Amino acid sequence: MAEKIELDILGQVCPACLLVVLREMNTHRQRLKSGEAQLVIKTDHRDTTRTIPESARKMGYDVEVKSLDTCYEITIGKK
Numbered sequence: 268m269a270e271k272i273e274l275d276i277l278g279q280v281c282p283a284c285l286l287v288v289l290r291e292m293n294t295h296r297q298r299l300k301s302g303e304a305q306l307v308i309k310t311d312h313r314d315t316t317r318t319i320p321e322s323a324r325k326m327g328y329d330v331e332v333k334s335l336d337t338c339y340e341i342t343i344g345k346k
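Mind the numbering: the sequence shown is residues 268 to 346 in our numbering, read in order.
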């Protein structure tokens with residue numbers, strides 16, 4: 268089971284959201300690519316449900332977006 272690296276960006280808006288997530292993806296790149304870890308992002312900014320998955324997929328990651336009661340959860344991991 269992959270370790271979940273949680274990133275709470277509630278209250279932040281783009282492009283700050285995307286920049287924070289890209290930094291985390293680069294920091295944990297080896298573990299994400301190997302499947303050892305997944306990056307789990309909580310956001311309440313709807314635009315990030317489009318920009319973050321689009322960028323992550325271009326980098327070769329698998330992405331899942333869930334709509335929760337008060338926010339969105341974006342999970343990024345090994346393809």
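Even for Gly, the Cβ is constructed at its ideal location relative to N, Cα and C.
Remember, predicted model here, so these are calculated numbers, not experimental data.
Quiz item: In angstroms, rounded to a whole number, what distance separates the CA positions of Gly-344 and Gln-305?
Solution: If you take the alpha carbons of Gly-344 and Gln-305, they lie about 5 Å apart.
Quiz item: So is Val-280 buried or exposed if we call it buried at 16+ other beta carbons inside 10 Å?
Solution: Per the 10 Å Cβ criterion, exposed.
Quiz prompt | With 16 other Cβ atoms within 10 Å as the buried cut-off, status of Met-268 | solution = exposed
Practice problem: Please name the residue or residues paired with Thr-310 in a DSSP beta bridge. | Solution: Tyr-339
Exercise. Could you tell me whether the stretch 312-319 touches the stretch 284-298, using the rule of 3 or more Cβ pairs below 8 Å?
Key: Yes, the stretch 312-319 touches the stretch 284-298.
Quiz item: From this set, Glu-270, Gly-327 and Val-330, which residue's C-alpha is nearest Arg-298's C-alpha?
Solution: Looking at the Cα atoms, Glu-270 is the closest of the given residues.
Self-check item: Distance, Thr-318 Cα to Cys-338 Cα
Solution: 16 Å
Quiz item: Relative to the C-alpha of Lys-333, which residue among Met-326, Lys-309, Gly-327 and Ala-323 is closest?
Solution: Per the Cα distances, Lys-309.
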